[in-house]
Each structure stands twice: as structure tokens, then as C-alpha cells.
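Each residue of the sequence shown is one higher than the one before, starting from 0 at the first, in numbering that gives the first Met the number 0.
Okay, so here's the structure we're looking at.
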Amino acid sequence: MPQPHRTNENDLVLPSGFDDIVRVIDRYVVDRRNGAPHGRQSPGHRLPALLFTREPAPGGTVSGTTPADAATPDTGQGEPDPVLSALVHAYHHRLVRLSTGETGHLASLAPHALVDEELLACEHPGEDTDRPEGPHVRLLDRVARQLRVTMPDGSGTLRLTEFDACLSVLRADIADGDVRDERRALRDRIYDKYAWKFGFAAEVTALGDELGARQWSAITRLVTTPLAWLWRWSYGVRIDRGARFRWVGGMLDEPGRSFLNAALSLRDAHLRSRAQDRADREAGVDAGAPAAAAARSAASAVSARDEAVVRQVLLTALLHDLARAARPPVWSARRPRRRWPFVLLLPTVGGDDSPSRKLLNSFSAVSEEPGTCPLLVLGAATADIPPYAVALPRPGIPGQNARPSTYGATAQAVASVLAAGASGHSAEAVRAVPLSRVPDNGTNAERPAVQRTVRSRERRGSDWLRPAVAGVAVLAVLAVIAAGLSRVPGLGGTHHRTEPRPVSRATDTWCPRVGTGERVGLTDGSDGCELAHGLYAPELRSLEARLGRQNADVDRSKPYRTLVFFAPLSVGSTSRRTVPTGFQMLRGALLAQDQVNHLNLKSQMPIRLLVANAGEYFTYGSHGGLNTRNDSHVDVAHMIVRRIHRDHIAGVIGLTQSRPESLQAAIELDAQGVTVLGTGVSGQPMVEGDSPVSYFQLSAPDERVARVMASFARRSPRLAALAKAAPGHSAPAAVLVFDPHDAYFSVDLKTRFTRAYGSAGPVYPVPYGESSKDSRTAAVAAGVCALIRRTNGFVVYAGRSSVMYDLFYYLQSDKQCRTRQGRVAVLAESPAPGLVQHPETMPREFGSLSLFYNQFSLPDAKGPFATSFKESYDVSADSDGAAGYDAVRVFFRVMNDMLDTDPRFTPSAVVTYLQSTGVTDFVGESGIMTFGKGRKYPVNKEVDIREITADGSIVDDLTCGAVDVKAAPVTRWGPSGTFICPEDD
0 MPQPHRTNEN
10 DLVLPSGFDD
20 IVRVIDRYVV
30 DRRNGAPHGR
40 QSPGHRLPAL
50 LFTREPAPGG
60 TVSGTTPADA
70 ATPDTGQGEP
80 DPVLSALVHA
90 YHHRLVRLST
100 GETGHLASLA
110 PHALVDEELL
120 ACEHPGEDTD
130 RPEGPHVRLL
140 DRVARQLRVT
150 MPDGSGTLRL
160 TEFDACLSVL
170 RADIADGDVR
180 DERRALRDRI
190 YDKYAWKFGF
200 AAEVTALGDE
210 LGARQWSAIT
220 RLVTTPLAWL
230 WRWSYGVRID
240 RGARFRWVGG
250 MLDEPGRSFL
260 NAALSLRDAH
270 LRSRAQDRAD
280 REAGVDAGAP
290 AAAAARSAAS
300 AVSARDEAVV
310 RQVLLTALLH
320 DLARAARPPV
330 WSARRPRRRW
340 PFVLLLPTVG
350 GDDSPSRKLL
360 NSFSAVSEEP
370 GTCPLLVLGA
380 ATADIPPYAV
390 ALPRPGIPGQ
400 NARPSTYGAT
410 AQAVASVLAA
420 GASGHSAEAV
430 RAVPLSRVPD
440 NGTNAERPAV
450 QRTVRSRERR
460 GSDWLRPAVA
470 GVAVLAVLAV
480 IAAGLSRVPG
490 LGGTHHRTEP
500 RPVSRATDTW
510 CPRVGTGERV
520 GLTDGSDGCE
530 LAHGLYAPEL
540 RSLEARLGRQ
550 NADVDRSKPY
560 RTLVFFAPLS
570 VGSTSRRTVP
580 TGFQMLRGAL
590 LAQDQVNHLN
600 LKSQMPIRLL
610 VANAGEYFTY
620 GSHGGLNTRN
630 DSHVDVAHMI
640 VRRIHRDHIA
650 GVIGLTQSRP
660 ESLQAAIELD
670 AQGVTVLGTG
680 VSGQPMVEGD
690 SPVSYFQLSA
700 PDERVARVMA
710 SFARRSPRLA
720 ALAKAAPGHS
730 APAAVLVFDP
740 HDAYFSVDLK
750 TRFTRAYGSA
760 GPVYPVPYGE
770 SSKDSRTAAV
780 AAGVCALIRR
790 TNGFVVYAGR
800 SSVMYDLFYY
810 LQSDKQCRTR
820 QGRVAVLAES
830 PAPGLVQHPE
840 TMPREFGSLS
850 LFYNQFSLPD
860 AKGPFATSFK
870 ESYDVSADSD
880 GAAGYDAVRV
890 FFRVMNDMLD
900 TDPRFTPSAV
910 VTYLQSTGVT
920 DFVGESGIMT
930 FGKGRKYPVN
940 KEVDIREITA
950 DGSIVDDLTC
960 GAVDVKAAPV
970 TRWGPSGTFI
980 CPEDD
């Protein structure tokens, strides 16, 4: 095979210390479990990707700024350098050698693949109409082909069952039609392509035809046709309902266990992305009108998201197959020969549009999905460095009697992160490896070119002892069982002895992995339970690290209490839902913990914090009762109960969502006398009916929110400028988008808003929610736009924030909304967090819409809380962050009040305090709050409505409720206080 990019390695100028790094990498290419503790080599391990960068130039910063900016701290990531690409090519040459046998062929030392972007671009300069699969699919297909052909001699054939099936789905030529017909066609394609060796009926029938005897042919057809049909049917059931492919539905948010349904969704996403790509190419360089450019930009963003999902699904399937191939059955003769990892080489990890960069992005997102990831990725940063690339750990101070290392500091750091991944410890997905700017002295520079230290294990005759011993062991076990059964007088006389159950690891006990791929459960940030998972894993991982550091500062030899932040903090396997709102609340809670623990009060209770992940939709937060979605045995609320005495738990904060599952969790905690203080919870059922006595919340319920929203919709001059009063009414028509399956929040808000607003203007309900199919969202948007065009009304969004972005995209793309004179007003109770934190997104991507949204507070942007929040997390504070901050401080105040009279107070004592004494005039960042003593939520809680204007700025249109402790609650709003604020009864 020609090698156009081969470099004369003797001409390379290698960086100082690179030889040491190569030797470290060689060790793990020979044996991916190198460095794991002997006797404790669990199968779960993930080697981090190594991204070569260049050390910053002396006198500059990491980003290459001028010396005047030298105060910027060095993150340790280094700088990109196009020259580094040659080093990856050089390592590629180390993985092959000329065979010493008679054949003299080029032998692979470890299975590997090299992503050559120039060659990929030359293969298909234009889109092939016969196979419109796109460069991202061709790239992964090429990687899989290279891994197959570079399997070392004697190690067997690489089978990629899941990858081939997913690739076949994308390449399937299926005519549009009924869903059942599409499913059947997809099943038949997979069967015909991958189950051919079991299609014995056709072969036997053909044999009978050749023999010429009609009787023989008829007999074979009579016998084999039912068998062939039975095999095809059973194969289809195993493909569709088998456990191997269930993860695909989880990644695509496809409910149910059907792989074929998920496959159709995957294929639809792929076809959408390719169609949009063709449309972008046909549009050419002419941007056209700004509105058309904005529409193309929004469509391209969704297309990029669909392309990323397809890439992540294919890469996850490939990782599953590689993990299975890396560990053949224990009786296989090939098991000892497959100690190497699969090596993926990315010589040109460039900017955001680079194919290698996109592939590395997907690897960072999905590498933790399988329990084992035997893929070692080596890359070179040639344009810019991905933000998720984490610097190598800083070298520690050696002990007095420490032996000097044979490696340099960078090589030692590389060895430590690879050893951590090989041992199954939590590891970052991508590590930046900064290489020295000082060239090698000339001696070691020759070693990568002339020394071949990578050696794959040769075949040995002793390898066949493994299957032989396994066969003998099986026969011995069967003989023992047969002997035992022979002595039993009857079947009913068998005595079953109970064997002790193996003790599970801490991660299986406190943070098990569930069917969606998430890890749910509890962590204190330092116990090895990493809850970070999927698309937003880096954000949660950084918060977990901060949690561990702050908890380590608490002196546990003295009295302390623990609070548990309990909320959905993951979204399934790279789910396309938006970032959970719990992230901002957790940031606020961590900031409050750090601040109160550094106070020097005469008497105060130190606070530890645990983080509990309930999983997407709060599915695994509880079990039984009101929770009908959790069909597993995982119950995070029960985990919290089991930790009450061990961790001195005083209460739980968070929940963040109004759902039957979250209320059931509060009920389970109430049974053990644990106080739950909800934040971001507004559903009226949470504070009425089944609500337990130990449940309180800091946010206003739907009854108050709906009345405030209705008052705003009826009287706001700014909303009236975008809508007209309906004939015979005093206010415009409201097109109310709600989720009919979300009774605790969406349906409840819809009912209460309709009751508060119905006398002023007509209300048109439109169902749309989390369970809506992607294909239905466009129809929902079309119906909404048609109603807006006909009534000149506005949209009330009563759905979940996680699916707002999808609806906005199709509203922006709809002709009737786009051609309407003036923007479409949208009034939302729960906006998408990304739109609130980045308001400039609205005019850039959704210029036809104007968003008015509800918040429970307006933190002072220049106050100490907002300033500390920005300094700690580099994001702006909002009402969610303020709610998490206040929840910790409320418990701190209550516990300090109880400390004087009851130093050993229990969780139930906190409940008693709130029921009897309560909290009065608590000055919080989310408002002034008085609750308890019969009130589950603050009286006249502050409610604000803000607007994102056409230029991306934010305007405060309404503020009602208790805002300032020195003043009475705000009772009027609007220009010069024209309108009356609704108040609690």
C-alpha cells in the first residue's frame, strides 16, 4: 500500500524528552493493563487520549499573548504546533515491521488506524449521490477497515458486529412508507448482510435442484423453508429486542427496547444532516438576506448536532466491539495474544471543523460509555486545543528516600495517567501532553527510528492449554453434578445450600450504572464514584472535583452535618436534551458551603455536601409508589437513607423538578424524618395532596406563577406590541403549548393559567412534550404558527426547558411565523438554561421570536454573590444559582439555631424546628423568604418576568413579591406602578 505521508524519521528534529514518552507509550501498546495493581485487574479500564501540544514559549502565555498578559495562569495545556503531526506519523511507523519469516510481508505489531484527512478529502471530493453517507461516516468506516487489516498475525479476525449493524442502517436504501414496512426492510437488510452463513435453506434447496430429483427438492423445501423462516424471525427478534443494542435507543432518547425504532431515528438524523449539507453547498458563498442566513445558521446548527449524534453512535458501537474483541472468552487460545490496545492515530487535530477534531470530540463524549475502552488515541494539536483536554498532573515533591526516575517529568506524568486508566480509576478522556521546545541532543533522536520496542506477543503452543483445560474443567463439573444427582432419591429431595453473595464494589453500591448508561447514586467527590456522564460530563466532573476538595477541608473528628444535593444531573448516553438546570443550583450550593465553612462564628455547624444524581427525568431517584417509570432495583432516595447515620445527614436540598418520581423520593425521605428543601420546584402537587410534612420549597408554586403570568399577559405593554386583542376580548389569544403527560408541572400550569387568563382572552392548548417524536415537532410548530397567524396572539410555553430549543428551531423555520409582521411573543415559565445564560442566542438563531420568561429572583449583578459566582465558575449567576446558594444557607441558619439547645440534633429535629418555629424574613439572594409553621413555601415569593430583546439584551418587565427586607412586598408593576401584583391568599 503506498504511503504518501511517510517521513524520513532520521530527518526529524525530536523534542527533548520525547524518547521517554515514546517508551512509556510502548509499554501500554504492548500490554494495555500495564501498571495495574497485580491481582486486582478488573476488566473495566479506559486509557485516556494523549494529545501532543507544544510548551508555551518563554515570556508568553498559553494562548500566545504578549508578555503584558503574562499574569494569566498557565493551564498546562500547551500550544498547538503543526510540526507535531510528523511525530504521530513517526509513531505510526513503529507499529509495523518487516516480517522475519519466509513471506517477508509487512507485519502489524498492534491493531491501529491512521486518520489521514488529505486522503479522506481526495476519496470523495463531492458527495456521491449513490452513497450519500458523509465524510464523518466514511472516516469511521475507514478507521474500522484499518483496525481489521492491521490485526497482528495469529490474533484472529476482528469482528465488529454492532458497528457493522449501525453502519448498515445508515447505508440502507429503504423506500419511505409505513413504519412497519421500514422496520421490516431494515431487519431484512441486516439479516441478509450479516446472517448469511445461517441461511441454510437456500443452499440445501439449490443442492436438491442440482441433484435433479423432484422428490428430493420438494422434501428439502418442505423441511428447510419453515426452519429458515423461524431462524429469520428469531434473528430479527434478537436484533430488535436483544440487550446488545438497547444502548442505541438511550443515546437517541428513543423510549422502549426496540433497536429498529432507534435505528430509524438514527437514519432520519443522518438523512437530515446530509440533506442540510447539500443545501449548504448549493447555497454557495452568497449569504442572501440576513433572515435567510439566520435560518441557514439555525438549520446548520441542528444538522451539526445530528451529525455529532450519528458519529457518537457509530463510535460507541465501535468501542463496544473493540472491548469485546480485546477480551475473548477465557477458554480462547487468542486471549493471551490480545493484550495490546487498539491504537488510533490523529496527526492533524485542527480547528472545530477538522474531521480529526470532531472525532476526538465524540471520543471525549462517549469514551466512558462502555465499561472498558481498549482504544489508545494519540493525536497532535495542529490548530487549537480542545477545551476538554486536561493538563497532565503536576509533578509532586519526591520523598527523601525516593529513587530517581529513568523518565523525564512529562513522561512520568504520562505514565501516571495511563496507569490510572489501566487500573480502572476515573480518568479524564483527553490529556494534553506539552512537548519541550528544546530539541533533543542528537543521541536519543535516533531511537524512535531504529529501535522497535513494540513487540506483539507471538503464538505459543501453550496457548492451546487454555481451551484444553477449560474443556476438562467443564467435563469434570458435569461429572460431579451427575454424581450428585445420582445420589438424590427424588427431585424434591434436593437440598439447596445458600452461597454467600460476593461483596460488590463501592461504585456498584453507591453509584451503579443503569440501563440508560448513566451512573446514578451518591458521591462526596473523593470516593471514586464519578456521576459525570454523557454530553455534559466535563461540567459535572469539574463540580465533583470542587466538591471533593471542599469536603476534604471539613474536620470530621469534630461535630459536623451533611447536606445532600439531590437532582437529575445527567441526561443519558449523550442525550440531546439541554443541560440540566441542577448544574447552576449545585454551583450555588458549593459556593455557599465554601463560604459558611470559612466563617469564624462563635458557634457554627460545619457542612459537608454529598451530591446525589437521580438520572434523567428523576427516573432512578425513587422506587415504587408514585414512581412507575423505574423498572430497575436502583433507588437513590433509599441510598440517602442508608447513609443518614454514617454521614450525619441533616437534610436534602434540590429536587429541581416537579414530577411523581421526585415527590415519591420526598415521601421515602419523609418516612425517615429527613427534611427536603426543594429548589426550582413549582408544581402545585408538590405542596398539596400527597406532599409529606417534611417537604418545603424555596420557589413559588404554580398557582402564584400562573396568576402572575396571566396578569402580565393581560396588561404588559411590551407584549401587547407583539400581539393584538382577540375580537370580543380585552387581551390577545394565548396559544398554550403543554405536555399532556406531565401532570405535576405542565398540565398543572396549563390548568391554572387558563383559569386565571380565560376571562380576558381565548386559550388554545397545543400538546407537545418530552415524549414527542422528532418528526412531530415540525407539525406542532406548524400548528402553533397557524394559530398565531390566524389570531394575532402569543405563545405560552408551559413545557419543560429540555425540549424548548427543538420547538424554537421549528418555529423559526416555519413560513407562517417567519413571514408574520413582527416577532412572535413567547411567554415561558421554564426557559432553556442556554438561552438565559446566553441571551445573544435568541436574535442570532431565533430572530422571529421574542422570549419573555419567568424567574424567581434577580441577583444583583454587581453584588458579592454574583461576583463570587462569576469568579468561581466563569458563568453568570441567575435565579437557579441563587436558589442553590440560599438552600444551604437556610439549613446553616437553622442548624446554628438548634446547636445551642440540641448539639446532637437528628434530621427529624430539623423537621420539628421548621414546623414549629419556621424561617422568618430570611434575606437570601433569591429574595426575602418566610416559610414553615404551616407554610411549605415562602409567602408572596418574589416572581420576575424578563425579556430578551431584539439586540440580545435583557429587560426586567415585571417584579412582584418580597424583594427587600426593609420594604413591604412589591404589590404593583408596570409603567409607574399601574398594575396590581397578584398576592398569595
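The C-beta atom is built at its ideal place from N, Cα and C for all residues, glycine as well.
Every value quoted in this text rests on a predicted model; they were computed, and no experiment measured them.
In this structure, the CA atom of valine 23 is about 10 Å from the CA atom of alanine 418.
Under the rule that a run must span 3 or more residues, the beta strand (DSSP E) segments found entirely inside the segment 527–599 read 560–566.
Exclusion of the five residues before and after serine 415 leaves Pro392 as the residues of its chain whose Cβ lies within less than 7 Å of its Cβ. For cysteine 959, the uninterrupted beta strand (DSSP E) segment begins and ends at 953–959. If you look at phenylalanine 51, you'll find it in the beta strand (DSSP E) that goes 48–53. A residue is called buried once 16 or more other Cβ atoms fall within 10 Å of its Cβ, and leucine 810 is buried on that count.
Between valine 794 and valine 734, the C-beta spacing is below 8 Å. Of Lys357, Leu83 and Val29, the smallest CA-CA separation from valine 12 is found for Leu83.
Shown here, proline 830 sits in coil according to DSSP, grouped into three states, outside any helix or strand.
By the Cβ-count criterion, valine 910 is buried, with 16 or more other Cβ atoms from all chains shown falling within 10 Å of its own Cβ. A distance below 8 Å separates the beta carbons of alanine 106 and valine 95. Per the DSSP secondary-structure output, proline 14 pairs in a beta bridge with Pro438. Annotation for alanine 665: Val675, Pro691 and Tyr694 place their beta carbon closer than 6 Å to its own, counting only its chain and skipping 5 residues before and after. It is roughly 45 Å from the alpha-carbon of valine 954 to the alpha-carbon of alanine 56. Burial check for glycine 241: the Cβ neighbour count within 10 Å stays below 16, so the residue is exposed. By the Cβ neighbour-count rule, valine 922 is exposed, with fewer than 16 other Cβ atoms within 10 Å of its own.
Counting C-beta atoms within 10 angstroms of its own C-beta, tryptophan 232 has fewer than 16 neighbours from the protein chains shown and is therefore classed as exposed. Taken through DSSP and simplified to helix, strand or coil, cysteine 980 comes out as coil. Here glutamate 427 is actually not in contact with valine 365; their C-beta atoms are around 14 Å apart, not less than 8 Å.
The shortest C-alpha to C-alpha distance from glycine 727 to any of Leu748, Asp738 and Gly757 is the one to Gly757.
With respect to the 8 Å criterion, leucine 608 and phenylalanine 564 are classified as neighbours on the basis of their beta carbons.
One alpha carbon belongs to alanine 966, the other to valine 938, and they sit about 15 Å apart.
Inter-residue distance for lysine 814 and aspartate 140 is about 38 Å (C-alpha atoms, whole angstroms). Taking each of Thr52, Asp877, Asp920 and Arg717 in turn and checking the Cα distance to glycine 349, the smallest one comes out for Thr52. Distance from the Cα of arginine 137 is smallest, within the candidate group Ala325, Leu313 and His597, for Leu313. A contact is defined here as three or more CB-CB pairs under 8 Å, and the segment 546–558 fails this definition with respect to the segment 769–786. Judged by beta-carbon spacing, aspartate 701 lies within the 8 Å limit of glycine 682, meaning their Cβ atoms are closer than that value.
Linking valine 413 to glycine 423 through their CA atoms gives a straight-line distance of about 16 Å. By the 16-neighbour rule on beta-carbons within 10 angstroms, serine 353 is buried. Nearest in C-alpha terms to threonine 347, of all of Ser525, Ala478 and Ser355, is Ser355. Within the segment 675–731, the runs of beta strand (DSSP E) at least 3 residues long that lie entirely inside it are, in chain order, 694–696.
The C-beta of serine 800 has 16 or more other C-beta atoms within 10 Å across all chains shown, which makes the residue buried.
With respect to the 8 Å criterion, arginine 186 and leucine 265 are not classified as neighbours on the basis of their beta carbons. A distance below 8 Å separates the beta carbons of valine 595 and phenylalanine 891. For the options Pro385, His644 and Ser975, the alpha carbon positioned closest to that of glycine 75 is the one of Pro385.
If you draw a straight line from the Cα of histidine 644 to the Cα of valine 673, it is about 12 Å long.
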